[in-house]
Each structure stands twice: as C-alpha cells, then as structure tokens.
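Participant:
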Amino acid sequence: MSRKTVLVGLAGGLLPIPLILLMAGALRPTSPETAPGGRRISPVLDTEMRTKLSTYRRSCGPGRPCEAPLGCVWDTRIFTQYCTDSQCLTDLQCPQGQVCRPVATEGEGPLVRFCVPIGRRQEGERCLALAKNLEAACAAGLLCGGKEGWCARPCQSGATDACPVGFFCAETALEPVCLPSCERQGCPAGQHCIRYEESASACAEVQGDNCQSTPCPEGLRCQVEYERARPGQVRMNCVAR
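The opening residue of the sequence shown carries number 1 in full-length UniProt numbering; numbering runs sequentially from there.
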C-alpha cells in the first residue's frame, strides 16, 4: 500500500470527527443567554437534565423557588404556576402561525421562551404573554411586556425617539419596551386616561365610578378591571383593601 493511499484513508477517517463534535455541541443544552435588559434566559434542556431537576414542572411561587436554570412561570393557558425551561430557541422551532417569545417569570428568575400565537392585539393594547387564542396575543413584531401585559415593541432605554408618539421606553422585567401613555396627548370625548403600573396609561371608557379621579373612601382602594374582549373599556369599583 502506497504512502499516498494511507494518507487519503486517514484523512477520510478524520473528516467526520469535527462534524460529529459539532453535532454533539449542537445537541447539548446551551448556556443561559442574556436578554437586552440584562436578565438571564433559561436554555432548552434535554430530557436527561430535566429529570435530574426535582422542581421541574412542579408548582412554584413565593417561598417555593425553582432550581437553576428553571423559571417559575404563570401559565394563563392552564391557570397554573410551575417550574420550566425554555421550549424553543428560534421561530423556526415553532408551529406555523406561532413565534418564539420570552416570558417573564417570578421574582428575579430567568426569562423562559415559549412558542406563542401571532395574534390580533395591536401596539398599546392589553395581552397575555402565554395566550391560547389570537384575541389575547400580540400581532407580528410585538412582545407582550409589562406587569399588566401590553403589546409593545422593544426599545433602547435612554435613546432619543426610542418610541412613537403616545409611548415611552420603560424598563420592564422582560426587556425595555414601549408602553402607552395618554397623560400628555389626552383622550377622545367620552374616554378617560387610565393609569396603570410602571407609569403606563391608556384611554378607555369607564364603567362605574372613576375612582382614579374621585378617590375612594378611607379603607377602600380603587380596583380597575380590564376585559380583553373590550380593549377600549374598563370597569372601576371601590373595594376593601
């Protein structure tokens, strides 16, 4: 056997090795990423790693933390809070009509990615981060961010003109996003500028007494109820603290 034949055979045997190593690396769970706002993102774990975590898919909440790198997610689709890892990395891993989006978790836990539907809610309208239908999900290009759930575009905190007129760039648990504000522009006749958490505000018709403009009696607090099927309306009541 010639020396040339031996070298060719060795080269042929060694060529698949980098490919095998590359594939093995691709199949291993990725290290936690960091979102634009600086919060960690839970990776997608393999079955073996999930089974080693005693809190995986277990109930969680204040005083019942999840093991790293899991996050404690409130899943509005099934009204349950549980520990989980990310379910996707990119939109390509989601069914048609869905996109891969990060969801904020309990406390300082990592963000967790889920496949969610591309919905009908427009920028500045209320949403559910884990919506089970199009009515509660955001339109293409928008995230469901903020404590109370707003369809919003990402923004760069501190940048000039980071958001369109009627919006401001807010630091949220998800990442900096454009939240609505009606305090400068005002509202159309028959609507009121309703204040929400994180300095957000939006125009809406008020059913009941507007207890934001007329404070509740002592011992009561103003409760604002929002119905996602009617994005331009809220119901207000004074309730016990």
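Don't be surprised by glycine CBs; every beta carbon is placed ideally from N, CA and C.
Should residue 95 and residue 113 be called a contact, given that it needs their Cβ atoms to be closer than 8 Å?
Facilitator: Looking up residue 95 in the sequence shown gives position 95. Looking up residue 113 in the sequence shown gives position 113. No, the pair does not count as a contact, with Cβ atoms beyond the cut-off.
Participant: What's the C-alpha gap between residue 147 and residue 47?
Facilitator: Residue numbering aside, residue 147 sits at position 147 when the sequence shown is read from its first letter. Residue numbering aside, residue 47 sits at position 47 when the sequence shown is read from its first letter. Cα to Cα, the separation comes out at about 32 Å.
Participant: Counting only runs of 4+ residues fully inside the region 28 to 90, write out the alpha helix (DSSP H) ranges in chain order.
Facilitator: You should have 47 to 52.
Participant: Does the distance from the C-beta atom of residue 110 to that of residue 40 stay below 8 Å?
Facilitator: By 1-based counting over the sequence shown, the position of residue 110 is 110. By 1-based counting over the sequence shown, the position of residue 40 is 40. It is a contact, given that the beta carbons lie within the stated cut-off.
Participant: What's the call for residue 116, buried or exposed, on a 16-neighbour Cβ count within 10 Å?
Facilitator: Walking along the sequence shown from the start, residue 116 turns up at place 116. Residue 116 should be labelled buried.
Participant: Nearest-angstrom Cα distance between residue 226 and residue 232?
Facilitator: By 1-based counting over the sequence shown, the position of residue 226 is 226. By 1-based counting over the sequence shown, the position of residue 232 is 232. Their Cα atoms are separated by approximately 9 Å.
Participant: Specify the secondary structure class of residue 93 as computed by DSSP and reduced to three states.
Facilitator: Counting from one through the sequence shown, the residue named residue 93 turns up at place 93. If DSSP states are grouped into helix, strand and coil, residue 93 belongs with the helices.
Participant: Residue 179: buried (16+ other C-beta within 10 angstroms of its C-beta) or exposed?
Facilitator: Here residue 179 is taken as the residue at index 179 of the sequence shown, counted from 1. Residue 179 is buried by the Cβ-count criterion.
Participant: Would you decide whether residue 79 is buried or exposed? Buried here means 16 or more other CB atoms lie within 10 Å of its CB.
Facilitator: Counted from its first residue, the sequence shown places residue 79 at position 79. Classification for residue 79: exposed.
Participant: Apart from the five residues on each side of it in sequence, which residues of its chain come closer than 7 Å, Cβ to Cβ, to residue 183?
Facilitator: As a working note, residue 183 is residue 183 in the sequence shown. The residues are 193, 201.
Participant: Classify residue 97 as buried or exposed, calling it buried when 16 or more other Cβ atoms lie within 10 Å of its own Cβ.
Facilitator: Here residue 97 is taken as the residue at index 97 of the sequence shown, counted from 1. Result: exposed.
Participant: Taking the alpha-carbon positions, what's the residue 135 to residue 142 distance?
Facilitator: The residue given as residue 135 occupies position 135 in the sequence shown. The residue given as residue 142 occupies position 142 in the sequence shown. Using only the alpha carbons, I get a separation of about 14 Å.
Participant: Along the chain, where does the beta strand (DSSP E) that runs through residue 142 open and close?
Facilitator: The count along the sequence shown starts at 1 and reaches residue 142 at position 142. Residue 142 -> no beta strand (DSSP E), and no H or E assigned at all.
Participant: On a CA-only basis, which of 44, 173, 219 is nearest residue 105? Give me that one, please.
Facilitator: Position 105 of the sequence shown holds residue 105. Selected option, being the one with the closest Cα: 173.
Participant: Exposed or buried, residue 92, counting other C-beta atoms within 10 Å across all chains shown (16 or more means buried)?
Facilitator: Taking the sequence shown and counting its residues from 1, one reaches residue 92 at position 92. By the 10 Å Cβ count, residue 92 comes out exposed.
Participant: With a threshold of 16 other CB atoms inside 10 Å of the CB of residue 204, please say whether the residue is buried or exposed.
Facilitator: Position 204 of the sequence shown holds residue 204. The residue in question, residue 204, is buried, as its Cβ has 16 or more Cβ neighbours within 10 Å.
Participant: Taking one C-beta from the region 118 to 138 and one from the region 148 to 164 each time, how about it: are there three or more such pairs within less than 8 Å?
Facilitator: In short, these stretches touch, since the Cβ pair count reaches three.
Participant: In this structure, how does DSSP classify residue 128 when only helix, strand and coil are distinguished?
Facilitator: Position 128 of the sequence shown holds residue 128. Coil at residue 128, not helix or strand.
Participant: Based on Cα-Cα distance, which residue from 237, 198, 67 lies nearest to residue 213?
Facilitator: The residue given as residue 213 occupies position 213 in the sequence shown. The shortest Cα separation from residue 213 among 237, 198, 67 belongs to 237.
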